[in-house]
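A.B. asks: Chains as they are written, first to last, in my numbering: chain A, 788 to 859; chain B, 21 to 273. Note that CB positions come from ideal geometry on N, CA and C, so glycine has one too.
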Amino acid sequence: MTVRGGTLAGPAARLWLCEPCGFIYDPEEGDPDSGIEPGTPFEDIPDDWMCPICGATKADFRELEPGEFPED
Amino acid sequence: MITGYGHFVQLAESLQWDEKAIDFSADREAWPKLEDAENAKVLGLIAGFVVAETAVAGNLHPYRAAASDDSMEATFRAQARDEARHARFFDLVASDVAGVPGVTPTERRDVLRARVSPELVELFEELLPATAQRLAEDHEGLTTAVGLYHMVIEGVVLLAGQHALLETLQGLSVGLPGLRKGMELVLRDERWHIGFGSRVVQSADIGREIAEPLLEQGEAAAKAWGDLITPAAIETAVKQHKRRLKAAGIKFW
């Protein structure tokens, strides 16, 4: 499922894909190591945040479409 | 969480590039004008990449053979194509831009090996081949082998070197646009390689017995570039390594 039940991120929190490395940002999980609390929508992440896997910038992410989850 | 293997194969297909299509004419003209310290640093980093990329390109086959399914195998195959290109690219820079003597890539690599630290040579020409050999004999060790190859070597050593080279190029007294262009393309490839390795680690749900050595290996390997990389850059690489391992699902912090 692409659309997750949300908390602070809202009832239909969407997932974001880091296109360069495949990391998926899930608002339900956030990125606590970087100070991004669970429940933080992608749009509310600071612009200087970097992908925890490859170091790409926020601009390198794209929002996954409903139903799209590239598991394989 | 990290996407499935199919994403990487599609991505790799869309990112193909040809090292021979890069224009090095301005680089050839600029190279003799480099100051001595600039020459030593850039050539040192190129030497490291020549040694490193040749080794990673030459040791990936056992990983393909140990892949747990077809989609993982296809991803290793796509990566192998990239790694071979990276090795050709750095050899091309060494021969056509820096004028490193030698008729063959092996001869040029022999010349350049003296410019890199014994630790880097040991990592790429002893530890990596030994790990690949063990994997060839026992396919059960894939997660540990990916931990060394993708998380430590690519995620810590090569990524730190790539950032160092791009930063060095930025501050040179003359421009080396062909080298910069190729380095950026290599870095773009490396991002998905690291994502792929992270996905393998994530899928394996590894425990402390693999995770802790993986962290320690990363901390030690970050120093393999010697004084070609600043202490601050080494510290950053180690921090990123820890953060990446955690993002890949390791939960011992």
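Compare the C-beta of H159(B) against all C-beta atoms of chain A and say whether one is closer than 9 Å.
C.D. replies: On the second sequence, position 139 is the one that residue 159(B) refers to. No, because no Cβ of chain A sits closer than 9 Å to the Cβ of H159(B).
A.B. asks: At the 9 Å Cβ level, is H81(B) part of the contact set with chain A, yes or no?
C.D. replies: Within the second sequence, numbered from 1, the residue matching residue 81(B) stands at position 61. Cβ-Cβ to chain A under 9 Å: no for H81(B).
A.B. asks: Quick one: does D818(A) have its CB under 9 Å from some CB of chain B?
C.D. replies: Along the first sequence, read from residue 1 onward, the residue named residue 818(A) stands at position 31. D818(A) counts as touching chain B.
A.B. asks: What is the DSSP secondary structure of R801(A), counted as helix, strand or coil?
C.D. replies: As a first step, residue 801(A) is located in the first sequence; it is residue number 14 there, counting from the start. R801(A) falls in the coil class under three-state DSSP.
A.B. asks: Do D111(B) and P125(B) have their CB atoms nearer than 9 Å?
C.D. replies: Locating residue 111(B) in the second sequence gives position 91, where the first residue counts as 1. Locating residue 125(B) in the second sequence gives position 105, where the first residue counts as 1. In this structure, the beta-carbon distance from D111(B) to P125(B) falls below 9 Å.
A.B. asks: Below 8 Å CB to CB, which residues in the same chain sit around H215(B) once its five sequence neighbours on both sides are set aside?
C.D. replies: What you label residue 215(B) is simply residue 195 of the second sequence in a count that begins at 1. Looking at the sequence provided, one finds Gly at residue 215(B) rather than His. The beta carbon of G215(B) sits closer than 8 Å to those of I22, T23 and F28, all from its chain and outside the five residues before and after it, given in chain order.
A.B. asks: So does the segment 165-178 of chain B actually touch the segment 200-216 of chain B, counting three or more Cβ pairs closer than 8 Å?
C.D. replies: yes
A.B. asks: Along the chain, which unbroken stretches of the alpha helix (DSSP H) at least 4 residues long are found entirely within the segment 138-220 of chain B?
C.D. replies: You should have 138-142, 148-157, 162-166 and 179-190.
A.B. asks: Are any of the Cβ atoms in chain B nearer than 9 Å to that of F848(A)?
C.D. replies: As a position in the first sequence, residue 848(A) is number 61, starting the count at 1. No, F848(A) lies away from the interface with chain B (no Cβ there is under 9 Å from its Cβ).
A.B. asks: Can you list, in chain order, the residues of its chain with a C-beta nearer than 6 Å to that of K53(B)? Leave out the 5 residues immediately preceding and following it.
C.D. replies: One-based indexing of the second sequence puts residue 53(B) at position 33. Excluding sequence neighbours, K53(B) sits near V194.
A.B. asks: Kindly indicate which three-state DSSP category E850(A) falls into: helix, strand or coil?
C.D. replies: For this step, residue 850(A) is matched to residue 63 along the first sequence. Of the three classes helix, strand and coil, the one that applies to E850(A) here is strand, per DSSP.
A.B. asks: Could you check whether the Cβ of F829(A) sits closer than 9 Å to any Cβ belonging to chain B?
C.D. replies: Counting from one through the first sequence, the residue named residue 829(A) turns up at place 42. Chain B, which has no Cβ nearer than 9 Å to the Cβ of F829(A), makes this no.
A.B. asks: What is the C-beta distance between L265(B) and A231(B), in whole angstroms, given that I count them as a contact (C-beta under 8 Å)?
C.D. replies: Here residue 265(B) refers to the residue found at position 245 of the second sequence. Here residue 231(B) refers to the residue found at position 211 of the second sequence. With a Cβ gap of about 7 Å, L265(B) and A231(B) count as contacting.
A.B. asks: Do three or more CB pairs link the segment 153-164 of chain B to the segment 199-207 of chain B at distances below 8 Å?
C.D. replies: no
A.B. asks: Would you mind reading off the limits of the alpha helix (DSSP H) that contains P82(B)?
C.D. replies: Looking up residue 82(B) in the second sequence gives position 62. From DSSP, the alpha helix (DSSP H) with P82(B) extends over H81 to A86.
A.B. asks: Leaving aside the five residues before and after R133(B) along the sequence, list all residues of the same chain whose C-beta is less than 8 Å from its C-beta, in chain order.
C.D. replies: Translated into the one-based positions of the second sequence, residue 133(B) becomes position 113. Cβ within range, chain order: A67, V71 and V141.
A.B. asks: By how many angstroms is the C-alpha of A240(B) removed from the C-alpha of K262(B)?
C.D. replies: Locating residue 262(B) in the second sequence gives position 242, counting from the first residue. Locating residue 240(B) in the second sequence gives position 220, counting from the first residue. Distance between the alpha carbons of K262(B) and A240(B): 13 Å.
A.B. asks: List in chain order: all unbroken alpha helix (DSSP H) runs of 4+ residues lying wholly within the segment 95-141 of chain B.
C.D. replies: 125-132
A.B. asks: Can you give me the C-alpha to C-alpha distance between D835(A) and P828(A), rounded to a whole angstrom?
C.D. replies: Within the first sequence, residue 835(A) is the residue found at index 48, counting from 1. Within the first sequence, residue 828(A) is the residue found at index 41, counting from 1. Roughly 15 Å separates the two Cα atoms.
A.B. asks: Just to confirm the assignment, what range does the alpha helix (DSSP H) spanning F28(B) have?
C.D. replies: Counting from one through the second sequence, the residue named residue 28(B) turns up at place 8. According to the DSSP assignment, F28(B) belongs to the alpha helix (DSSP H) that extends over Y25 to S34.
A.B. asks: Taking 9 Å as the CB-CB limit, is S218(B) close to chain A?
C.D. replies: Your numbering for residue 218(B) matches position 198 in the second sequence. Chain A, which has a Cβ nearer than 9 Å to the Cβ of S218(B), makes this yes.
A.B. asks: In chain order, what residues of the same chain have a beta carbon less than 8 Å from the beta carbon of A75(B), not counting five sequence neighbours either side?
C.D. replies: What you label residue 75(B) is simply residue 55 of the second sequence in a count that begins at 1. Annotation for A75(B): F144, E145, L148 and P149 place their beta carbon closer than 8 Å to its own, counting only its chain and skipping 5 residues before and after.
A.B. asks: Identify each residue in the segment 256-272 of chain B for which the Cβ-Cβ distance to at least one residue of chain A is less than 7 Å, and report them in chain order.
C.D. replies: Q260, R263, R264, K266 and A267
A.B. asks: Closer than 7 Å by beta-carbon distance: list the chain B residues that pair up with D813(A), in chain order.
C.D. replies: Walking along the first sequence from the start, residue 813(A) turns up at place 26. For D813(A), the chain B residues whose Cβ falls inside 7 Å of its Cβ are M21, in order along the chain.
A.B. asks: Spell out whether any CB of chain A is found under 9 Å from the CB atom of I214(B).
C.D. replies: Here the question's residue 214(B) lines up with position 194 in the second sequence. Yes - at least one Cβ of chain A is within 9 Å of the one on I214(B).
A.B. asks: With I254(B) as the anchor, note down where its alpha helix (DSSP H) starts and where it stops.
C.D. replies: Walking along the second sequence from the start, residue 254(B) turns up at place 234. It spans P251 to A267 - the alpha helix (DSSP H) in which I254(B) sits, taken as one unbroken run.
A.B. asks: So, S218(B) versus F848(A), is the Cβ gap smaller than 9 Å?
C.D. replies: Reading the second sequence from its first residue, position 198 is the one you call residue 218(B). Reading the first sequence from its first residue, position 61 is the one you call residue 848(A). No, the Cβ-Cβ distance between S218(B) and F848(A) is not below 9 Å.
A.B. asks: To the nearest angstrom, how far is the alpha carbon of D225(B) from that of A257(B)?
C.D. replies: Taking the first residue of the second sequence as position 1, residue 225(B) is located at position 205. Taking the first residue of the second sequence as position 1, residue 257(B) is located at position 237. In a straight line, the C-alpha of D225(B) is about 23 Å away from that of A257(B).
A.B. asks: Under a CB-based cut-off of 9 Å, is H27(B) close to chain A?
C.D. replies: Here residue 27(B) is taken as the residue at index 7 of the second sequence, counted from 1. When Cβ-Cβ separations below 9 Å define contact, H27(B) makes contact with chain A.
A.B. asks: Got a sec: is the Cβ-Cβ distance from E824(A) to anything in chain B below 9 Å?
C.D. replies: One-based indexing of the first sequence puts residue 824(A) at position 37. Answer no: the Cβ-Cβ gap between E824(A) and chain B never drops below 9 Å.
A.B. asks: With 9 Å set as the bound, which would you pick, yes or no: does the beta-carbon of G854(A) sit closer than that to a beta-carbon of chain B?
C.D. replies: Locating residue 854(A) in the first sequence gives position 67, where the first residue counts as 1. So, not an interface residue.
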